[in-house]
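Going letter by letter, the sequence shown gives residues 0 to 818 in numbering that gives the first Met the number 0.
Ideal Cβ placement from N, Cα and C applies to all residues, glycine included.
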Amino acid sequence: MTSSEQNEPAASPSASLAQQAPAAESVPLADLVETRLAAAPLGEPVKALLTEALGSPQTPGNSPMGRIFLDSVSVEGFRGIGPRAWLNLSPRPGVTLVVGRNGSGKSSIAEAIETAFTGTNMRWLGQDATRTSNWRNLHDGAKTEIEVKLTVEGDSGRSTLTRAWTGHDITDCVGTFRRPGHGAAPLDQAAWKQALTDYRPFLSYVDLGRMISGKPSQMYDSIATILGLVHLSAAYNHLGLQEKALGDAVKAAKNELPEITAALYALEDDERAVQALVAIETKGRPDFEALDGLVAGLPSDDDGLLAELRAAVDMRGPDLEQVGAAVDRLREALAGVEDVRLSGAEDALQRAGLLEKALAHSNRHPDEGSCPVCGTEQVLDAAWAADAGAQIALLRKEAKTAEDARSELRSAARAAQNLIETPQRIPAALTDPWNEWLACRAISDPAQLVQRFHDTALTLADACAAVKDNAVRELEKRDERWRQLVTRLASWTEIARTAADAGPRLGHVRKARTWVKTLTAELRERRMEGFTGHSQRIWEKLRQESDIDLQSVSLQGSERANVRKLVMDVTVDGEEASALSVMSQGEQHSLALSLFLPRAATADSPFGFVVIDDPVQSMDPAKVNGLAQVLHELGEHRQVVVFTHDTRLQRAFTTQELPVTVFEVERGKASKVNVKAVTDPVRQAIADARALASTESLPEAARTHVLPALCRIALENAFVEAAWVQHHRSGGSEHDLQSAVADADKLMKMAALAFFGDIGRTGDVYRELRSRCGPRAVDLLKQCQSGAHATGTRIADAHRFVTEISELAQKVRKTEVAK
Numbered sequence: 000m001t002s003s004e005q006n007e008p009a010a011s012p013s014a015s016l017a018q019q020a021p022a023a024e025s026v027p028l029a030d031l032v033e034t035r036l037a038a039a040p041l042g043e044p045v046k047a048l049l050t051e052a053l054g055s056p057q058t059p060g061n062s063p064m065g066r067i068f069l070d071s072v073s074v075e076g077f078r079g080i081g082p083r084a085w086l087n088l089s090p091r092p093g094v095t096l097v098v099g100r101n102g103s104g105k106s107s108i109a110e111a112i113e114t115a116f117t118g119t120n121m122r123w124l125g126q127d128a129t130r131t132s133n134w135r136n137l138h139d140g141a142k143t144e145i146e147v148k149l150t151v152e153g154d155s156g157r158s159t160l161t162r163a164w165t166g167h168d169i170t171d172c173v174g175t176f177r178r179p180g181h182g183a184a185p186l187d188q189a190a191w192k193q194a195l196t197d198y199r200p201f202l203s204y205v206d207l208g209r210m211i212s213g214k215p216s217q218m219y220d221s222i223a224t225i226l227g228l229v230h231l232s233a234a235y236n237h238l239g240l241q242e243k244a245l246g247d248a249v250k251a252a253k254n255e256l257p258e259i260t261a262a263l264y265a266l267e268d269d270e271r272a273v274q275a276l277v278a279i280e281t282k283g284r285p286d287f288e289a290l291d292g293l294v295a296g297l298p299s300d301d302d303g304l305l306a307e308l309r310a311a312v313d314m315r316g317p318d319l320e321q322v323g324a325a326v327d328r329l330r331e332a333l334a335g336v337e338d339v340r341l342s343g344a345e346d347a348l349q350r351a352g353l354l355e356k357a358l359a360h361s362n363r364h365p366d367e368g369s370c371p372v373c374g375t376e377q378v379l380d381a382a383w384a385a386d387a388g389a390q391i392a393l394l395r396k397e398a399k400t401a402e403d404a405r406s407e408l409r410s411a412a413r414a415a416q417n418l419i420e421t422p423q424r425i426p427a428a429l430t431d432p433w434n435e436w437l438a439c440r441a442i443s444d445p446a447q448l449v450q451r452f453h454d455t456a457l458t459l460a461d462a463c464a465a466v467k468d469n470a471v472r473e474l475e476k477r478d479e480r481w482r483q484l485v486t487r488l489a490s491w492t493e494i495a496r497t498a499a500d501a502g503p504r505l506g507h508v509r510k511a512r513t514w515v516k517t518l519t520a521e522l523r524e525r526r527m528e529g530f531t532g533h534s535q536r537i538w539e540k541l542r543q544e545s546d547i548d549l550q551s552v553s554l555q556g557s558e559r560a561n562v563r564k565l566v567m568d569v570t571v572d573g574e575e576a577s578a579l580s581v582m583s584q585g586e587q588h589s590l591a592l593s594l595f596l597p598r599a600a601t602a603d604s605p606f607g608f609v610v611i612d613d614p615v616q617s618m619d620p621a622k623v624n625g626l627a628q629v630l631h632e633l634g635e636h637r638q639v640v641v642f643t644h645d646t647r648l649q650r651a652f653t654t655q656e657l658p659v660t661v662f663e664v665e666r667g668k669a670s671k672v673n674v675k676a677v678t679d680p681v682r683q684a685i686a687d688a689r690a691l692a693s694t695e696s697l698p699e700a701a702r703t704h705v706l707p708a709l710c711r712i713a714l715e716n717a718f719v720e721a722a723w724v725q726h727h728r729s730g731g732s733e734h735d736l737q738s739a740v741a742d743a744d745k746l747m748k749m750a751a752l753a754f755f756g757d758i759g760r761t762g763d764v765y766r767e768l769r770s771r772c773g774p775r776a777v778d779l780l781k782q783c784q785s786g787a788h789a790t791g792t793r794i795a796d797a798h799r800f801v802t803e804i805s806e807l808a809q810k811v812r813k814t815e816v817a818k
């Protein structure tokens, strides 16, 4: 079988599918917190604050989504895989082993799945560049692409995750996520982005070592994350920011109050200061209405004189330095024009103008033969026009100096007049000098402008200075002390009002924060107990003949503590010891699995799958048997995909009669990797039936009873798989499906569950089967049912019957959701 032919789903769930989840598969944190909050004896304002702080449990992304399962993965030009290779999986709980010798390409597939999701691979972190540069296949690296098909709980179709490379570096890639009904989006916008860190579903042999050899704080964080502490801590910190802001407002009003009251007491002979003191010292809450009345009178006075004085103080007259520069330039421009006027340039300019006017007149009256000025006949002819044009050109060239001088004079005059600005408000004492200054804008004669501009500027500047000095002295005579104080009073009033309003809310925030803190401590302890219990159960299965007993797993410190660590207490033959100091390499890896698997099985994780690469190394045979049991238990609620070259794990499943689907990876020339199914419940039953049909001299009882029974097993497994897909796509809970499967004790009930999600609709099965798979399908189903009866069923051609059942099973297991 080629890689392209390997397209069958994995094994069906075991008979224990309806069993309860392990302890780690608890109620999602968001649901638990919502229930506790609803029952909490808190006031509505406090609950509203908590609801806001806790926010939505959904991780930001392109849209909320249900649990995610792997449907298939195709890899091209990546690591040890050249031409495209496929691994097709059944997107539901169960254990799948992907086996193959070292170098076959199986780890390349495992790393491809992780890299497709994350853009990198944990095995490469911290490695030298020479060891991470060969990520592109050496034989067929023209195109490097990974495509992962996903089944998302509640979606009607499959989603596609694609990662493609365009450059030479491993980071030169683009990830895209396409989901039915949502279109395509960059992968970094997917809803599981944060969950990849919190509930990382990938575990390689290198990761096993890192889980128990990392820094104490890293080991702490990896476990604390799944306990829900991050979500609650975020709410606690959010409330803490509110508490600080409200507390700062109260503190600011309190700290500034002594200075305000001291300043008011210093002006106690002023009735306004006395009124302000009374308003501030009002019992309970300051009289803000009285304070607002005092503050509101600040900007104005009865006669408007104060405003006039303030305007005078702020008045700015002409900038004499700029005025002087403008006057100098204007005088130089006037001198330049005068120099030109006395030179030949001015005469040339005048003559050129005169000739231009005569030539223009001749052009307008070509038939006129006499000069319009002197009356001389026959002088304004073509020869005269040509000579006049030549003279004009020479004169204009000679007159350019005069033109430049006049242009500079106009520019200097505009620059001077541009310095004249009109203020928004002109004090009465400055009205006349300022109007004289503004009148300079209307002077067109540069000679007159230069004198008036200079004189009025000096006059206005002196007047502004005098008015400002008078205003300053007058303001000093008035009650500026009160006005300065009332400005501070206005500022304090706003702060005090905020503080007064913040008081009740501050109390609510503190109650809300205390509730979150208490709940966090409680849930942390409860969830840690569940996590520890799950880890201990896993360890008991993995340790087998080991004399080391895992007593407890605990967290010391808090998320923000500098010193925080994961503590694992063990005993060796009853004596207490430190876990990592007494364990062998195999025992340490078993302990790492005991920590990783509960984390991957937490209810808060959106990942319904776990990908484990090479977990068997350093394990003795007894521990491998225990690992098979652990993976089987996890596979009742998670899609477990294990890549291994060690045949002992497959044998451990077989010898302990644990259901498992096995694929084998083979590597050919030029990195051509093929994946073929080794065991599959549907295929296995078909293979057994085909082998029975090929038996020479097949007894009649075997033909009428055993052969249809084997084919019935194939159909049952196909219906189970279709039922899971139908239920999953409709968004139903796994617990409900497990219960339904347990109740479907007959083939027709299982078919009804597969087609309609309802075991009670057995009467509609034949019609639906005929519609989907053709009329022959109903006869085949009836023959499989009849095989269980005493009379059996008559089968004319055993080989054809098995082939038809095989084709029917494949159609059933690929069925779509009933409309």
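Original post:
Of the residues L329, I67 and D645, which one's Cα is nearest the Cα of G156?
Top reply: Counting from one through the sequence shown, the residue named residue 156 turns up at place 157. Ranking L329, I67 and D645 by Cα distance to G156 puts I67 first.
Original post:
When the Cα of G65 is compared with those of W191, L86 and T421, which residue comes out closest?
Top reply: Here residue 65 refers to the residue found at position 66 of the sequence shown. Ranking the options by Cα distance to G65, first place goes to W191.
Original post:
Where does the unbroken alpha helix (DSSP H) through A808 begin, and where does it stop?
Top reply: As a working note, residue 808 is residue 809 in the sequence shown. From DSSP, the alpha helix (DSSP H) with A808 extends over A797 to R812.
**OP:** Rank L137, V273 and F608 by C-alpha distance to the C-alpha of D70 and give the top, closest one.
**Re:** As a working note, residue 70 is residue 71 in the sequence shown. Of the candidates L137, V273 and F608, the one whose C-alpha sits nearest the C-alpha of D70 is F608.
Original post:
How many Å lie between E355 and M314 at the Cα?
Top reply: Stepping through the sequence shown from its first residue, residue 355 is reached at position 356. Stepping through the sequence shown from its first residue, residue 314 is reached at position 315. About 53 angstroms.
Original post:
Is G174 helix, strand or coil when you go by DSSP?
Top reply: Locating residue 174 in the sequence shown gives position 175, counting from the first residue. Strand.
**OP:** Kindly indicate the opening and closing residues of the alpha helix (DSSP H) around L266.
**Re:** By 1-based counting over the sequence shown, the position of residue 266 is 267. It is not in any alpha helix (DSSP H) - L266 carries neither H nor E in the DSSP assignment.
Original post:
CA-CA distance, A163 and R598?
Top reply: Here residue 163 is taken as the residue at index 164 of the sequence shown, counted from 1. Here residue 598 is taken as the residue at index 599 of the sequence shown, counted from 1. For A163 and R598, the gap between their C-alpha atoms comes out near 30 angstroms.
Original post:
Can you name, in chain order, every residue of its own chain whose Cβ lies under 7 angstroms from the Cβ of A20, other than the five neighbours on each side?
Top reply: Here residue 20 refers to the residue found at position 21 of the sequence shown. Note that A20 scores a pLDDT of 36, beneath 50, so its modelled location is shaky; the value from the coordinates is reported in the next line. So the qualifying residues of the chain are H636.
Original post:
How would you call A334, buried or exposed, if buried means at least 16 neighbouring beta carbons within 10 angstroms?
Top reply: Within the sequence shown, the letter at position 335 stands for residue 334. Exposed is the call here.
**OP:** Have a look at G60 and A189 and give me their C-alpha separation to the nearest angstrom.
**Re:** Stepping through the sequence shown from its first residue, residue 60 is reached at position 61. Stepping through the sequence shown from its first residue, residue 189 is reached at position 190. Note that G60 has pLDDT 37, beneath the 50 cutoff, so the model's placement of it is unreliable and the number below is only indicative. Looking at the two C-alpha atoms, the distance is approximately 5 angstroms.
Original post:
Looking at C-beta atoms only, is the number of pairs between the region 35-49 and the region 505-514 that lie closer than 8 angstroms three or more?
Top reply: Touching, yes, given that three or more Cβ pairs across the two stretches are closer than 8 angstroms.
**OP:** Return the chain-ordered list of same chain residues with a C-beta closer than 6 angstroms to the C-beta of P12, the five sequence neighbours on each side being excluded.
**Re:** Counted from its first residue, the sequence shown places residue 12 at position 13. Caution is warranted here: a pLDDT of 30 is assigned to P12, below 50, making its placement in the model unreliable, and no coordinate value can be reported.
Original post:
Hey, how far is the Cα of K540 from the Cα of Q628?
Top reply: Taking the sequence shown and counting its residues from 1, the one referred to as residue 540 is at position 541. Taking the sequence shown and counting its residues from 1, the one referred to as residue 628 is at position 629. Computed Cα separation, rounded: 7 angstroms.
Original post:
What do you reckon, are the CB atoms on M749 and V719 nearer than 9 angstroms?
Top reply: Working through the sequence shown from its first residue, we reach residue 749 at position 750. Working through the sequence shown from its first residue, we reach residue 719 at position 720. Yes. Within cutoff.
Original post:
Straight-line CA distance for R526 to T601?
Top reply: Working through the sequence shown from its first residue, we reach residue 526 at position 527. Working through the sequence shown from its first residue, we reach residue 601 at position 602. Near 10 angstroms, if we compare the C-alpha coordinates of T601 and R526.
Subject >> Span of the alpha helix (DSSP H) around L53 >> reply: To locate residue 53, count along the sequence shown from 1; it is residue 54. Here the alpha helix (DSSP H) through L53 covers E43 to L53.
Original post:
If we ignore side chains and look at the alpha-carbon of each, how far apart do T517 and A248 end up?
Top reply: What you label residue 517 is simply residue 518 of the sequence shown in a count that begins at 1. What you label residue 248 is simply residue 249 of the sequence shown in a count that begins at 1. Roughly 27 angstroms separates the two Cα atoms.
Original post:
So, A262 versus R409, is the Cβ gap smaller than 9 angstroms?
Top reply: Counting from 1 along the sequence shown, the entry for residue 262 is found at position 263. Counting from 1 along the sequence shown, the entry for residue 409 is found at position 410. A distance of 9 angstroms or more separates the beta carbons of A262 and R409.
Subject >> Assigned secondary structure, P185 (DSSP; H/G/I helix, E/B strand, else coil) >> reply: Residue 185 sits at position 186 when you count from the first residue of the sequence shown. Of the three classes helix, strand and coil, the one that applies to P185 here is strand, per DSSP.
Subject >> Local Cβ density within 10 Å of Y235, reported as buried at 16 or more and exposed below that >> reply: The residue given as residue 235 occupies position 236 in the sequence shown. With 16 or more other Cβ atoms inside 10 Å of its own Cβ, Y235 counts as buried.
**OP:** Would you kindly work out how many angstroms separate the C-alpha atoms of T653 and V515, rounded to a whole number?
**Re:** Numbered from its first residue, the sequence shown carries residue 653 at position 654. Numbered from its first residue, the sequence shown carries residue 515 at position 516. Taking the straight line from one Cα to the other gives about 49 angstroms.
Original post:
If you count every other CB in all the chains shown that lies within 10 Å of the CB of Y264, and 16 or more means buried, which is it?
Top reply: Residue numbering aside, residue 264 sits at position 265 when the sequence shown is read from its first letter. With fewer than 16 other Cβ atoms inside 10 Å of its own Cβ, Y264 counts as exposed.
Original post:
If you run the structure through DSSP and keep just helix, strand and coil, what is S103?
Top reply: As a first step, residue 103 is located in the sequence shown; it is residue number 104 there, counting from the start. Correct three-state label for S103: coil.
**OP:** Could you check the C-alpha separation between E152 and S693 for me, to the nearest Å?
**Re:** Translated into the one-based positions of the sequence shown, residue 152 becomes position 153. Translated into the one-based positions of the sequence shown, residue 693 becomes position 694. Looking at the backbone, the Cα of E152 and that of S693 are separated by about 42 angstroms.
Subject >> Contact set for R451: own chain, Cβ-Cβ below 7 angstroms, skip 5 residues either direction >> reply: The residue given as residue 451 occupies position 452 in the sequence shown. Its chain contains C439 and I442 as the residues whose beta carbon lies nearer than 7 angstroms to that of R451, once the 5 sequence neighbours on both sides are disregarded; these appear in chain order.
**OP:** Count the other C-beta atoms from every protein chain shown that fall within 10 angstroms of the C-beta of P680, then say buried if there are 16 or more, exposed otherwise.
**Re:** Mapped onto the sequence shown, residue 680 falls at position 681. P680 is buried by the Cβ-count criterion.
Original post:
Alpha carbon to alpha carbon, how far is A9 from L88?
Top reply: Stepping through the sequence shown from its first residue, residue 9 is reached at position 10. Stepping through the sequence shown from its first residue, residue 88 is reached at position 89. Legend: pLDDT at A9 = 35, less than 50; position of this residue unreliable, value from coordinates given subsequently. So the alpha carbons of these two residues sit roughly 5 angstroms apart.
Subject >> Minimum C-alpha distance to E75 - residue among W723, D139 and R35 >> reply: In the sequence shown, the residue the question calls residue 75 occupies position 76. Looking at the Cα atoms, D139 is the closest of the given residues.
Original post:
Nearest to L592 by CA position, among I537, S738 and V326, is which residue?
Top reply: Within the sequence shown, residue 592 is the residue found at index 593, counting from 1. Looking at the Cα atoms, I537 is the closest of the given residues.
Subject >> Three-state class that DSSP yields for D291 in the structure shown >> reply: Indexing the sequence shown from 1 puts residue 291 at position 292. Three-state result, D291: helix.
Original post:
Where P257 and G42 are concerned, what is the direct C-alpha to C-alpha distance, given to the nearest angstrom?
Top reply: For this step, residue 257 is matched to residue 258 along the sequence shown. For this step, residue 42 is matched to residue 43 along the sequence shown. Annotation: P257 to G42 spans about 35 angstroms, alpha carbon to alpha carbon.
Subject >> Separation of K282 from L505, as counted between CA atoms >> reply: Translated into the one-based positions of the sequence shown, residue 505 becomes position 506. Translated into the one-based positions of the sequence shown, residue 282 becomes position 283. Each residue's Cα considered, the two are about 20 angstroms apart.
**OP:** Please name the residue in A690, E331, E51 and T421 whose C-alpha comes closest to that of D403.
**Re:** Looking up residue 403 in the sequence shown gives position 404. The candidate whose alpha carbon is nearest that of D403 is E331.
**OP:** Return the first residue and the last residue of the beta strand (DSSP E) that W433 is part of.
**Re:** Position 434 of the sequence shown, counted from the start, is the residue given in the question as residue 433. Careful: W433 lies outside any beta strand (DSSP E), inside the alpha helix (DSSP H) at T430 to A438.
Original post:
From T1 to T95, what does the alpha carbon distance come to, in whole angstroms?
Top reply: Position 2 of the sequence shown holds residue 1. Position 96 of the sequence shown holds residue 95. A caution first: T1 carries a pLDDT of 35, below 50, which makes its placement in the model unreliable, though a value can still be read off. Taken atom to atom, the span from the alpha-carbon of T1 to that of T95 is near 19 angstroms.
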